[in-house]
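Contents: one structure, followed by commentary.
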Amino acid sequence: MTSISTTNIYNDAKLNIIYNNSHRAKKVTLKVNQIDRNIRVIVPGHKAFPAAKKFVEKNKVWIAHQLATLPPAQPFEDGGFILFHGEQYLLKHISSPKEFIVDHEARLLNVYSPDNSSFSGRVRRMLISEARAELKRLTVYYANKVCKEIHKVSVRDTATRWGSCITRNGLGNINYSWRLICAPSYVLSYVAAHECAHLVEANHSKDFWDVCSEIYGDVNRPRQWLKHNGPLLYAVGAKI
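To convert, count from 1 in the sequence shown and add 368; that's our numbering.
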């Protein structure tokens, strides 16, 4: 796959556009990536990049509208706010050797870094670490409820799914988005229960939802939260 990156200016906004050539694609498609806020253009193998660029030019209004509908970015900056456990927490750079100190009462995230240039990366790593620990705990809890064993729990920056489950040789491998640590605790619990229910039913049939409801409870509240607030999770760590 051939890739070309360009930067355009539209209505004083900088648009980072990435063109990817794909022999599988049948037509030119546009998509705004919620994580990096770049515009990704899939170009069929038989199409030339100049033609794709004209297509982008014709759709600049649509692109600008898509970007405008995204929640405000919450970059990892000292003194900035980010969503954490469903609440807005203040990020604070500290000189303490303990890398990550959470003050829930003050809604404060104290993060150590030797200098400002490494602060963003350390915030990201600490959030991933928090997500991994919490989601592993929840996964074991719900896996026990369905009498299944877990082989591996992974945490990644997924663009489309909050979680996924693969069963091999009777053992479950479950992947989660680390961004779930930014959601309310009941949402993390629901996603863990949802994926563990897939250890029993590898589909979204009525039987699956019966298992999910049995081990978690009312699934409507967390599902509605993700439906309406999912984009907020992708805004965490996004650059302005």
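Beta carbons: idealized from backbone N, C-alpha and C, even for Gly.
All of these numbers come straight from a predicted model, not from anything done at the bench.
Asked	Found
Check each candidate in F449, C564 and S545 and name the one with the smallest Cα separation from E498.	S545
Using C-beta distances below 6 Å, list every residue in its chain close to W593, excluding the 5 sequence neighbours before and after it, in chain order.	V555
Which value, in whole angstroms, describes the spacing of the CA atoms of P412 and L383?	22 Å
Give me the Cα-Cα distance between M369 and W530, rounded to the nearest whole angstrom.	Legend: pLDDT at M369 = 46, less than 50; position of this residue unreliable, value from coordinates given subsequently. The straight-line gap from Cα to Cα measures roughly 27 Å.
Please state the DSSP three-state secondary structure of A586.	It is Asp, not Ala, that sits at residue 586 in the sequence shown. Looking at D586 - three-state DSSP - the assignment turns out to be coil, as it is neither helix nor strand.
With distances taken Cα to Cα, identify the nearest neighbour of V508 among N597, Q442, A560 and M494.	A560
According to DSSP, is Q592 part of a helix, a strand, or is it coil?	helix
How would you write the range of the beta strand (DSSP E) that R524 sits in, first residue to last?	E517 to R524
Quick check for students: name the residue ranges of the beta strand (DSSP E) that lie wholly in the stretch 404–485, counting only runs of 3 or more.	407–412, 449–452, 455–462, 468–471 and 476–480
For a quick check, are the C-beta atoms of L451 and L548 less than 8 Å apart?	no
If you check the beta carbons only, do L398 and V424 fall under 8 Å apart?	yes
With the cut-off set at 8 Å, would you say Q442 and A551 are in Cβ contact?	no
Here's a check: name, in chain order, each residue in its chain whose Cβ is nearer than 6 Å to the Cβ of H461, leaving out the five neighbours to either side.	D446 and F487
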